[in-house]
Structures are given as C-alpha cells and as structure tokens.
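Visitor: Input: one structure, supplied below.
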Amino acid sequence: MGYHQTSLIDTLSINSGSTVNVADSTLISDSISLTGLSTLNINEDGHVATDSLTVDNSTVTISDEVSAGWAVGDAALYANNIKVTNDGILDVGNTAANALQVDTLNLTSTTDTSGNIHAGVFNIESNRFVLDADLTNDRTNDTTKSNYGYGLIAMNSDGH
C-alpha cells in the first residue's frame, strides 16, 4: 500500500507544453489553468479539486483506471467551474460514472485572424456518462450573429 500525498496550492498554472500527473495523491487548488499544449493527467487513485479550472489549447484527461465514489471528495476531478476553450479538451475517457463532478461546464471558443473558430471539446469517448451540471457555450444558432456556431461534445459510436 502506497502513501497518499495531498498538495494544497493557491494557484496552479501549467503552461508551455508542461505535464502534471496526479496518481495516488490529491491536488487541491483554488484555481488551475492550462495553456500552450499542456496536459493534466488524473490517473489511478488521483483526485483533483478546484474552484476554477481553465483548459486553453491544452488537455485534461481522466484515466480509465480512476476510482470514484458518489461523494464530491471521491471524484477524480471536482470543480465548481470548468472552462474549456481554444481547442482545449476535457477527456473523461471510459471512467467511473462519478469521476467528473462539476457545477458549471463552459465550452467556449476563440476565433483566429482567418476567422476559424477554435472551440473547447468535452470528450466522453465510449462512456455512459451523465453530466449533472450547467452546460454553457458562447455560440448561437442564429446565423445572423457573429458568434454563430455550435459547441462540441465528442463521443465514440458506442458512447451514451
């Protein structure tokens, strides 16, 4: 049996292609931001809790091997607010049903100088997943508006 370590951090900035792996430990931070192709991997017996998580042109992955219970403290990833934008990806894989617990999931986008939209992606893969959260995005289905477009939720063909 390994020793379970807990890290308490006010603000965690993961940038410039950096990687943070959380396994057999708990990371608690007021805010976590990922930018510039960075990654946060939550692996077996890893738990991350934060008030605010921003995934900007980066990836957060919850491993298939995580364990999660019904309580907030048992979630592999708990956040009050998650914002995924600018080709960022929140990937819950084929994790336990309660591995992700979030109050508000914001899928937003940016537009580059060529007019291309770079949206945030919520990837449930083949998971049977129930999102018990407010899901918002900054796009509209009104073709007359400058923010016309759709948010993106990705799943494999056998996802539910």
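Following UniProt numbering, the numbering of the sequence shown begins with 1 at its first residue and continues without gaps.
Each residue gets a CB set at the ideal place from its N, CA and C atoms; glycine is no exception.
Quick caveat, the model's predicted, so the values are computed rather than measured.
1) Measuring alpha carbon to alpha carbon, tell me which of Val92, Ser63, Leu27 ends up nearest Leu131.
2) Give every residue of the same chain whose Cβ lies closer than 6 Å to the Cβ of Thr136, excluding the five residues on either side of it in the sequence, and list them in chain order.
3) Within the 8 Å Cβ cut-off, does Ile124 reach chain B?
4) Would you check if the distance between the CB atom of Ala133 and the CB atom of Val84 is smaller than 8 Å?
5) From the DSSP output, in three-state form, read off Asp45 for me.
6) Determine the DSSP secondary structure at Asp56, reduced to helix, strand or coil.
7) When you compare only the Cα positions, how much space is there between Ser126 and Ser114?
8) Could you compute how far the alpha carbon of Asp30 sits from the alpha carbon of Leu53?
Guide: For this structure:
1) As a first step, residue 131 is located in the sequence shown; it is residue number 131 there, counting from the start. Selected option, being the one with the closest Cα: Val92.
2) Counted from its first residue, the sequence shown places residue 136 at position 136. Around Thr136: Asn106.
3) You won't find chain B in this structure, because it holds only one protein chain.
4) In the sequence shown, the residue the question calls residue 133 occupies position 133. In the sequence shown, the residue the question calls residue 84 occupies position 84. For the pair Ala133 and Val84, the CB atoms are not nearer than the 8 Å cut-off.
5) Here residue 45 corresponds to residue number 45 of the sequence shown, with the count starting at 1. Of the three classes helix, strand and coil, the one that applies to Asp45 here is coil, per DSSP.
6) As a first step, residue 56 is located in the sequence shown; it is residue number 56 there, counting from the start. Asp56: strand per DSSP, three-state reduction.
7) The count along the sequence shown starts at 1 and reaches residue 126 at position 126. The count along the sequence shown starts at 1 and reaches residue 114 at position 114. Spanning the two alpha carbons is a distance of roughly 34 Å.
8) The sequence position of residue 30 within the sequence shown is 30, counting from 1. The sequence position of residue 53 within the sequence shown is 53, counting from 1. Answer to the nearest angstrom: the Cα atoms are 9 Å apart.
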